[in-house]
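Worksheet: one structure, shown below.
Chains as they are written, first to last, in our numbering: chain S, -7 to 103; chain H, 978 to 1258.
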């Protein structure tokens, strides 16, 4: 039976890809990046982080480019960049829809 | 190990099965509050090994192992070094394994939860669930289908040889084992659904079914050992000829027809007995 591919990205998955878009990083650096980027709004737990890294590696969204002791450094692949871009477009559509709805509500309240 | 170290150990029978994540976490935390901290020896056959210490507030978390946890598995059943490093960076220390789970512990109340995304935790649990399903299918093949094929339909004959009571007992034990495996698969599936719905369960009243679990497991193991004892006794009797008795030593009514039943008493002298030497000339 073929392995089920990821149907969508969760918030933490999205931020992991965002981190690796910037530069290759190890797991702890990814978590630090997300903490800093979101000012602590999004906190990725360690088990969540390495589950995501393992899943992304199997999906070939990321690849290991260096192993130093217990530390593995990951780099994003073309497939990972594609998934990240698709998620940005999806989120952008959500924001556009919300913005258009808000402006519609504003017009109705003025009338 | 010195006597002083030996005295510090304590052993307790787990009150819930290995796949009961919330139950195991809650029980280990309650034990720590009583001064029993899980040792690196972890669990064996449902018995947990603890160190006796001062009562402590600890948090335990069970993490579904991405690979098998047996000694023959990759990395000797231990978690990946990267996973250990990331967890340690956030205050979580690997302690031991139980079933298909790695057990982590922290004494830092401010340490962030190991899983912060229930959807991702459901993904991790999915792996354990698939392994449980695979184990169930393997158990089904080995304990039910393979013996049936091996017996080539001669179930009745085997029952006569082994004793139908022993066969029925064996079948009952296999059904109980399969039932437990099915329960594990269903439990993990329910938990995965709860996680997908956004729940992050960690506390549970483990006392509710503790007596049932603590009694049922030793009873099942005991019955299996007894059954195996009878089975091997029957098997060795069969192979060593323990069930064979010379006909002249048998004093009861013979349960099959003999020559004496078929040939009238006065005509026995005329019967030509089989003599292998006749065919050699």
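Just so you know, even glycine gets a beta-carbon here, dropped at the ideal spot from N, CA and C.
Residues bridged to residue i [DSSP beta-bridge criterion]
| i | result |
| --- | --- |
| residue 1020 (chain H) | H:1025 |
| residue 1041 (chain H) | H:1078 |
| residue 1071 (chain H) | H:1081 |
| residue 65 (chain S) | S:18 and S:58 |
| residue 1014 (chain H) | H:1028 |
| residue 988 (chain H) | H:1026 |
| residue 1036 (chain H) | H:1083 |
Option in the options with minimal Cα separation from residue i
| i | options | result |
| --- | --- | --- |
| residue 28 (chain S) | S:96, S:7 and S:97 | S:7 |
| residue 46 (chain S) | H:1101, H:1201 and H:1031 | H:1101 |
| residue 1092 (chain H) | H:1198, H:1110 and H:1069 | H:1069 |
| residue 1044 (chain H) | H:1173, H:1079 and H:1025 | H:1079 |
| residue 1164 (chain H) | H:1109, H:1031 and H:1188 | H:1109 |
| residue 1008 (chain H) | H:987, H:1086 and H:1230 | H:987 |
| residue 1041 (chain H) | H:1214, H:991, H:995 and H:1035 | H:995 |
| residue 59 (chain S) | H:1118, H:1225, H:1058 and H:990 | H:1058 |
| residue 1036 (chain H) | H:1054, H:1197 and H:1090 | H:1090 |
| residue 1028 (chain H) | H:1229, H:985 and H:1232 | H:985 |
| residue 11 (chain S) | S:64, S:0, S:76 and S:33 | S:76 |
| residue 1313 (chain H) | H:1060, H:998, H:1016 and H:1010 | Since the displayed chain H opens at 978 and closes at 1258, residue 1313 (chain H) lies outside it and no answer follows. |
| residue 1114 (chain H) | H:1124, H:1146, H:1158 and H:1085 | H:1158 |
| residue 1021 (chain H) | H:1124, H:1030 and H:989 | H:989 |
| residue 36 (chain S) | H:1052, H:1064 and H:1010 | H:1064 |
| residue 1017 (chain H) | H:1052, H:1081, H:1050 and H:1066 | H:1081 |
Contact belief for residue i with residue j at Cβ below 8 Å, rounded distance in angstroms
| i | j | result |
| --- | --- | --- |
| residue 69 (chain S) | residue 1097 (chain H) | Rounded, the Cβ-Cβ distance is 20 Å, inconsistent with contact. |
| residue 1071 (chain H) | residue 1095 (chain H) | Going by Cβ atoms, the distance from residue 1071 (chain H) to residue 1095 (chain H) rounds to 22 Å, so no, they are not a contact pair. |
| residue 1143 (chain H) | residue 1211 (chain H) | 6 Å |
| residue 1023 (chain H) | residue 1194 (chain H) | 5 Å |
| residue 1150 (chain H) | residue 1204 (chain H) | 6 Å |
| residue 62 (chain S) | residue 1062 (chain H) | 4 Å |
| residue 1032 (chain H) | residue 1054 (chain H) | No, residue 1032 (chain H) and residue 1054 (chain H) are not in contact; Cβ-Cβ is about 30 Å, not under 8 Å. |
| residue 22 (chain S) | residue 3 (chain S) | About 14 Å separates the two Cβ atoms, so there is no contact after all. |
| residue 1153 (chain H) | residue 1197 (chain H) | 6 Å |
6 Å CB neighbourhood of residue i in its chain, flanking five on each side removed
| i | result |
| --- | --- |
| residue 1155 (chain H) | none |
| residue 1161 (chain H) | 996 and 1109 |
| residue 1120 (chain H) | 1151 |
| residue 991 (chain H) | 1023 and 1025 |
| residue 1183 (chain H) | 992, 993, 1000, 1003 and 1004 |
| residue 71 (chain S) | 52 and 53 |
| residue 5 (chain S) | 44 |
| residue 94 (chain S) | none |
| residue 1083 (chain H) | 1036, 1068 and 1069 |
Cut-off 8 Å between Cβ atoms - residues of its own chain near residue i, not counting five sequence neighbours on either side
| i | result |
| --- | --- |
| residue 98 (chain S) | none |
| residue 42 (chain S) | 19 |
| residue 103 (chain S) | none |
| residue 86 (chain S) | none |
| residue 1233 (chain H) | none |
| residue 1088 (chain H) | 1036, 1067, 1068 and 1069 |
Residues near residue i in its chain [Cβ-Cβ closer than 7 Å; skip 5 each side]
| i | result |
| --- | --- |
| residue 1166 (chain H) | 1106 |
| residue 1006 (chain H) | 1035, 1036 and 1037 |
| residue 1207 (chain H) | 1143 |
| residue 1172 (chain H) | 1095, 1098, 1099 and 1102 |
| residue 122 (chain S) | This structure leaves residue 122 (chain S) out entirely; chain S is present only between -7 and 103. |
Residue i CB to nearest heavy atom of the ligand SAH below 7 Å
| i | result |
| --- | --- |
| residue 34 (chain S) | Among the ligands in the structure shown, none appear at all, so the ligand SAH cannot be discussed. |
Query - the stretch 9 to 26 of chain S touching the stretch 1069 to 1080 of chain H, judged by at least three CB pairs closer than 8 Å - result: no
Query - Validate contact between the stretch 49 to 59 of chain S and the stretch 1102 to 1115 of chain H using beta carbons, cut 8 Å, 3 pairs - result: no
Report task. Decide yes or no for the touch test of the stretch 1162 to 1182 of chain H against the stretch 997 to 1017 of chain H: beta carbon pairs closer than 8 Å, at least 3 of them. Result -> yes
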